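Report on the structure given below.
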Amino acid sequence: LETKKMKLTYEQTIATDHMSYLQNRASLIETQLCQIGNELQEATRRLTLIDTARAEYKDSVYILKDSKEREKAAQSNLVGLECAAKDFEDKAQKAIKQVRSILRQKIKVERET
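Letter by letter, the sequence shown follows residues 1223 to 1335 in the numbering used here.
Structure representation (structure tokens):
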């Protein structure tokens, strides 16, 4: 009976040691899982940030491309306007010369009469 009691006490001590070890191990694993969860949340936040940055980059590239196209169109319109302004200026100079010539002729005719 004494031997059986010692054997049970020994087994109980071993079981208690195993249980303590398993509890410590479970606590360690729980802490590691919590850290992994935090790291996953941080990784998710960073991936979301990266996705947002990519979307904003695409938008900015589109806006830049659109603005360059509009700038080209505006410049081509200016070139057309510059040509038209030059033509009007040339025509105005010709008209001024013709008016001066007519006025000279008129003065000449008036002096002769």
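The beta-carbon is built from N, C-alpha and C at its ideal position, and this holds for glycine as well. Quantities reported herein were computed from a predicted structural model and do not represent experimental measurements.
Cα-Cα separation, residue 1311 to residue 1332: Translated into the one-based positions of the sequence shown, residue 1311 becomes position 89. Translated into the one-based positions of the sequence shown, residue 1332 becomes position 110. As the crow flies, the alpha-carbon of residue 1311 is around 31 Å from that of residue 1332.
Euclidean distance between Cα positions of residue 1278 and residue 1258: Taking the sequence shown and counting its residues from 1, one reaches residue 1278 at position 56. Taking the sequence shown and counting its residues from 1, one reaches residue 1258 at position 36. Rounded to whole angstroms, the gap between the alpha carbons of residue 1278 and residue 1258 is 30 Å.
Extent of the continuous alpha helix (DSSP H) to which residue 1223 belongs: Position 1 of the sequence shown, counting from 1, holds the residue named residue 1223. Counting along the chain, residue 1223 falls outside any alpha helix (DSSP H), and DSSP gives it neither H nor E.
Pairwise C-alpha distance: residue 1287 and residue 1304: Taking the sequence shown and counting its residues from 1, the one referred to as residue 1304 is at position 82. Taking the sequence shown and counting its residues from 1, the one referred to as residue 1287 is at position 65. Straight through space, the alpha carbons of residue 1287 and residue 1304 are spaced by roughly 25 Å.
Residue 1335 (DSSP reduced to helix, strand or coil): Translated into positions along the sequence shown, residue 1335 becomes position 113. Correct three-state label for residue 1335: coil.
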